[in-house]
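Student: Following this message is one structure expressed as structure tokens.
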Amino acid sequence: MKYWGKSLGFRLAITVIILTLVGFASTTSAEPTGLEGKFKILDEPSTHVRGKVKLTEFADFYCPHCHMFERTVLPILKDEFGDSLEVTFVGFPVIPGKLPTAFEMYEQARMMGKGAEMKRALFRTIHQDGTHLLDRVIRGSLIKEVGLDPVEFEAGLASAKPARALEAGKKWGERVNVEYTPTVLLDGNIKVESINPRNLKTVIQSILDSDSK
530 MKYWGKSLGF RLAITVIILT LVGFASTTSA EPTGLEGKFK ILDEPSTHVR
580 GKVKLTEFAD FYCPHCHMFE RTVLPILKDE FGDSLEVTFV GFPVIPGKLP
630 TAFEMYEQAR MMGKGAEMKR ALFRTIHQDG THLLDRVIRG SLIKEVGLDP
680 VEFEAGLASA KPARALEAGK KWGERVNVEY TPTVLLDGNI KVESINPRNL
730 KTVIQSILDS DSK
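Per our numbering, residue 530 is the first one in the sequence shown, and the count goes up by one each step.
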């Protein structure tokens with residue numbers, strides 16, 4: 530009788546542990562299933578949050594395709610999905626012979642709360658104005674344009690923080706095998722294989738739809 534009681538207690542304990550683990554997995558695993566479109570699932574943790582898609586854009590400020598993506602594709606996606614789409618820019622230099630100044634300027638502006646504004650200003654300056662050499666005079670005009678304090682900005686730029694942030698982004702891109710720009714990653718582990726608006730909308734919508742299943 531004592532043996533049976535111990536055995537029953539052991540089985541009950543195991544059952545409780547299993548149910549606890551199953552419940553934990555069901556509440557912490559947010560990765561969507563049944564997705565549509567052209568994409569590849571990477572061996573990376575999912576950052577999916579119910580009702581939202583996180584789009585990470587690996588891009589080079591000097592890349593004309595990245596400039597076109599910023600001007601034509603992202604606005605379409607933002608109009609389509611609104612607050613359900615969260616976009617993050619990660620600088621990933623691929624064009625040879627260019628200084629890292631533009632990328633470090635973006636990182637410094639981002640740390641000061643003006644990353645999106647500086648990103649637009651840098652793409653315009655490089656691709657529309659045709660200015661590739663971002664000397665102190667050009668930097669000064671862009672800093673004022675986006676509404677930042679020039680002295681604080683230059684001091685931050687001279688520190689190691691923007692360079693470290695750029696290096697961290699490059700390591701991230703290398704880890705997920707970014708071979709060209711722009712490359713789009715959704716929710717941390719869904720690498721989109723065709724970044725035309727139609728495929729991007731298909732993949733993003735299927736992620737959002739999976740939340741309601």
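Note that CB positions come from ideal geometry on N, CA and C, so glycine has one too.
#1: Using a threshold of 7 Å, state whether the C-beta atoms of Ser739 and Gly563 are closer than that.
#2: To the nearest angstrom, how far is the alpha carbon of Glu634 from that of Leu677?
#3: On the DSSP bridge assignment, give the partners of Thr617 in chain order.
#4: Determine the direct distance from the alpha carbon of Thr585 to that of Asp716, and round the result to whole angstroms.
#5: By Cβ distance, which residues of its chain are closer than 8 Å to Val551, with the 5 residues on each side in sequence left out?
#6: Name the two residues that bound the continuous beta strand (DSSP E) containing Ile719.
#7: For Asn706, which of Phe621, Ser670, Glu565 and Lys567 has the nearest alpha-carbon?
#8: Between which two residues does the alpha helix (DSSP H) harbouring Val680 extend?
#9: Confirm, please, whether the CB-CB distance from Asn718 to Leu571 is below 7 Å.
#10: Enumerate in chain order the residues of its own chain whose CB-to-CB distance from Gly669 is below 8 Å, with the five nearest sequence positions on each side excluded.
#11: Excluding sequence positions up to five away, which residues of its chain have a Cβ less than 7 Å from the Cβ of Lys569?
#12: Assuming Ala631 and Leu663 are in contact, meaning their beta carbons sit under 8 Å apart, how far apart are those beta carbons, in whole angstroms?
#13: Assuming Val732 contacts Glu609 (C-beta within less than 8 Å), just tell me the rounded distance between them.
#14: In the DSSP assignment, what are the bridge partners of Phe568?
#15: If I measure Cβ to Cβ from Ser613 and keep anything under 7 Å in the same chain, skipping five residues before and after, which residues do I get?
#16: For a test of the three-state rule: what should DSSP assign to Thr712, helix, strand or coil?
#17: Could you tell me which residues DSSP pairs with Val578 in its beta bridges?
#18: Thinking C-alpha only, which one of Ser735, Leu714, Val713 and Phe682 is nearest Met641?
#19: Which first and last residues belong to the alpha helix (DSSP H) in which His596 is found?
#20: Short check: CB of Ala650 to CB of Val616, under 7 Å?
Tutor: Result, derived from the coordinates:
#1: yes
#2: What sits at residue 634 in the sequence shown is Met, not Glu. Using only the alpha carbons, I get a separation of about 12 Å.
#3: For Thr617, which the question treats as bridged, DSSP gives the partners Thr585.
#4: 8 Å
#5: Unreliable placement is indicated for Val551, whose pLDDT of 38 sits below 50; the coordinate value is still reported in the next sentence. Short of 8 Å from the beta carbon of Val551, and not among the five residues preceding or following it, lies no beta carbon of its own chain.
#6: Under the DSSP assignment, Ile719 falls in the beta strand (DSSP E) whose first and last residues are Ile719 to Val721.
#7: Phe621
#8: Pro679 to Ala687
#9: yes
#10: Pro679, listed in sequence order.
#11: The beta carbon of Lys569 lies closer than 7 Å to those of Lys720 and Glu722 in the same chain, with the five residues before and after it left out.
#12: Contact between Ala631 and Leu663 holds: CB atoms are separated by about 6 Å, below the 8 Å threshold.
#13: Val732 to Glu609, Cβ: 12 Å. No contact.
#14: Val721
#15: Gly580, Lys581, Val582 and Leu737
#16: strand
#17: Lys581
#18: Among Ser735, Leu714, Val713 and Phe682, the Cα nearest to that of Met641 is on Phe682.
#19: Pro593 to Met597
#20: no
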